[in-house]
Amino acid sequence: MLEEEAGECGDGSLDPPGEECDDGNTLDGDCCSSTCQYESVATECRAAAGVCDAPDYCDGAGTCDADGKLTSECRAVGGPVRHRGRLRRREQRLSGGCGRASDDRVPGLHRRLRPGRAV
Numbered sequence: 047m048l049e050e051e052a053g054e055c056g057d058g059s060l061d062p063p064g065e066e067c068d069d070g071n072t073l074d075g076d077c078c079s080s081t082c083q084y085e086s087v088a089t090e091c092r093a094a095a096g097v098c099d100a101p102d103y104c105d106g107a108g109t110c111d112a113d114g115k116l117t118s119e120c121r122a123v124g125g126p127v128r129h130r131g132r133l134r135r136r137e138q139r140l141s142g143g144c145g146r147a148s149d150d151r152v153p154g155l156h157r158r159l160r161p162g163r164a165v
């Protein structure tokens, strides 16, 4: 009878009881640590992509919580536009130091956003 070998952290196979997660690597900062344990909610897993984008953090259960939140410095401005009596959406620029780059435009956004609210 062959004895089953215990898996190794980073092999992509979840091997309880020692591993909470195994994402196929032994890197920290991706919500599954180098020792195959969940990383804390204080772990940044995705850096901010721009001045209006807030970084994302691990959810404490092995997933990067990509929430789409704006930073407190930025908020959407503008509103719905009427054209020939019909309500139309338009792109809005973000204020507060944002809106200079094309990736700071929010297509179809027609409500005022508050800092920390998901886009």
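In short: position in the sequence shown from 1, add 46, done, that's our numbering.
Using N, Cα and C, we set each Cβ at its ideal position, and we do this for glycine too.
Check                                                                                                                            : Outcome
Check for me: the beta strand (DSSP E) holding D102 runs from which residue to which?                                            : 102-104
Give the secondary structure of S66 by DSSP, where H, G and I count as helix, E and B as strand, and everything else as coil.    : Here residue 66 turns out to be Glu, not Ser, going by the sequence shown. Coil.
Once the 5 residues before and after G56 are set aside, which same chain residues still bring their CB inside 6 angstroms of it? : N71, T72
Under DSSP, the beta strand (DSSP E) around E90 begins and ends at which residues?                                               : 90-92
What are the residues that DSSP puts in a beta bridge with C110?                                                                 : C104
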